[in-house]
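Residue numbers (the working numbering): 1 to 360. Each residue gets a CB set at the ideal place from its N, CA and C atoms; glycine is no exception. Computed from a prediction, not measured in an experiment: that's the story for all the values here. Just below is one structure, and these are the notes that go with it.
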Amino acid sequence: MKRARIAVLPGDFIGPEVIESALEVLDAVGSRFNFAFDVERLPFGGTATESHGDPLPEETQAAVLEADAVLMGSAGGPVGDHPWNRLPREKRVETGILKLRRLLKVFANLRPVTVFPGLEHLSPLREELARGTDLLIIRELTGGIYFGKPAHNRPDQGLATMVYERHEVERIARVAFESAQLRGGKVTNVDKANVLDVSQFWRDVVVGIHQAEFPQVSLDHLYIDNAAMQVVRDPSQFDVIVTGNIFGDILSDLAAVIPGSLGLLPSASLGGEVGLFEPVHGSAPDIAGLGLANPVGTILSAAMLLRFGCGQSEAADALESAVQRALADDPPPDLGGGRGTAEMTRAVIAALPESVVAHS
1 MKRARIAVLP GDFIGPEVIE SALEVLDAVG SRFNFAFDVE RLPFGGTATE
51 SHGDPLPEET QAAVLEADAV LMGSAGGPVG DHPWNRLPRE KRVETGILKL
101 RRLLKVFANL RPVTVFPGLE HLSPLREELA RGTDLLIIRE LTGGIYFGKP
151 AHNRPDQGLA TMVYERHEVE RIARVAFESA QLRGGKVTNV DKANVLDVSQ
201 FWRDVVVGIH QAEFPQVSLD HLYIDNAAMQ VVRDPSQFDV IVTGNIFGDI
251 LSDLAAVIPG SLGLLPSASL GGEVGLFEPV HGSAPDIAGL GLANPVGTIL
301 SAAMLLRFGC GQSEAADALE SAVQRALADD PPPDLGGGRG TAEMTRAVIA
351 ALPESVVAHS
């Protein structure tokens with residue numbers, strides 16, 4: 001039986017709840033596809049700041065580098081007695097997340113946004129607009145304004161620097177074009193080249209990679225403000241969107257609402273030897289411990305872990321189909337349904353195939 005080592009970062013508030021759901025589902029998938037996981041739960045996030053004085057303790061840093069994949073729950077929020085926004089920046093969860101991405105060298109964040117057939121009524125958009133939405137946002141994750149230097153916060157000035165090196169743009173462009181080759185064959189580059197020199201540089205590099213290596217893939221360009229409008233006006237026009245760190249952060253959260261809830265959306269961060277898989281939603285302190293958290297985003301992140309972290313594409317397909325069937329039957333409370341965390345988890349497991357002949 002094949003085995004994979006999974007480093008699990010449960011996170012804060014509803015993070016451990018949705019993580020346990022995903023692990024339960026992974027165990028069920030593994031039993032049907034003849035593989036198993038060795039799971040190590042590690043401190044991360046606000047609870048780690050409370051217990052270890054650091055959102056990403058050294059023991060966690062060492063363990064994630066030895067894993068085959070990292071599965072992370074949502075993290076952050078007002079843990080303990082600290083006013084969260086007054087903690088020193090190095091103690092904040094956001095700093096731990098950025099440090100984790102850099103540690104794993106994951107530069108490509110993949111966020112699929114899909115409206116499953118038959119579930120268009122869950123979208124805040126009109127059903128005819130939501131129908132057919134199946135786009136993939138590829139966000140550059142380790143460069144740009146979040147990491148650029150110089151940067152400071154002084155009494156009389158705040159400064160952030162947005163900078164990209166050629167190799168950073170080239171590698172994320174290749175991920176986008178390669179992904180499009182496996183999908184609809186179209187890439188939309190999103191930037192702000194009309195006013196930002198760094199965005200014009202970004203666009204020039206993307207065009208160069210397209211012409212030299214992927215001329216068979218369609219490429220067009222949108223400014224970020226127009227792209228935000230187009231994503232909600234007609235999301236089905238998009239196949240693969242590639243963009244920088246800050247624009248991808250904003251655009252992916254905007255697009256994530258199209259299926260009806262942030263609780264449905266997974267993500268994968270790739271590029272290093274160990275991938276990072278996590279839902280896009282927050283830690284939701286207001287519903288923690290109530291059994292109401294939507295586990296689907298984390299379960300679908302586990303499906304991406306199967307596909308990209310373990311090479312188990314058939315199992316990933318089966319899990320995604322099971323999620324679709326469970327949602328169609330009765331969705332979680334954030335989508336107007338009646339299935340809490342445990343009930344949704346059981347429904348997904350029940351929708352999996354009974355058994356599958358293992359492939360060597």
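| Asked | Found |
| --- | --- |
| Per-residue burial, G338 [other beta carbons within 10 Å of its own, 16 or more giving buried] | exposed |
| Host beta strand (DSSP E) of V187 (start-end) | 186 to 191 |
| Per DSSP, cross-strand counterpart(s) of Y223 | D191 |
| Alpha-carbon to alpha-carbon, M72 and T60 | 12 Å |
| Assigned secondary structure, R339 (DSSP; H/G/I helix, E/B strand, else coil) | coil |
| Of the listed residues E17, E24, L9, nearest to I287 (C-alpha basis) | E17 |
| Limits of the unbroken beta strand (DSSP E) element including A180 | Premise fails: A180 lies in the alpha helix (DSSP H), 166 to 181, not in any beta strand (DSSP E). |
| Inter-residue spacing [alpha-carbon to alpha-carbon] between S360 and Y223 | For S360, the pLDDT reaches just 40, beneath the cut-off of 50, and the residue's location in the model is therefore unreliable, leaving the point undetermined. |
| Per DSSP, the bridge partner or partners of V363 | Absent from the structure is residue 363, since the part of the chain shown begins at 1 and ends at 360. |
| Cβ pair L56, V106 closer than 9 Å | no |
| Proximity below 9 Å, CB of G369 to CB of P266 | There is simply no residue 369 to check, as the chain begins at 1 and stops at 360 in what is shown. |
| Pairwise C-alpha distance: V163 and V232 | 29 Å |
| P285 to P215 span [Cα, whole Å] | 48 Å |
| P235 versus Q211: straight-line alpha-carbon distance, rounded | 26 Å |
| P353 and M344 closer than 9 Å at C-beta | no |
| Contact under 9 Å by Cβ, L300 with L270 | no |
| Closest Cα partner of A63 within the set K2, L9, F147 | L9 |
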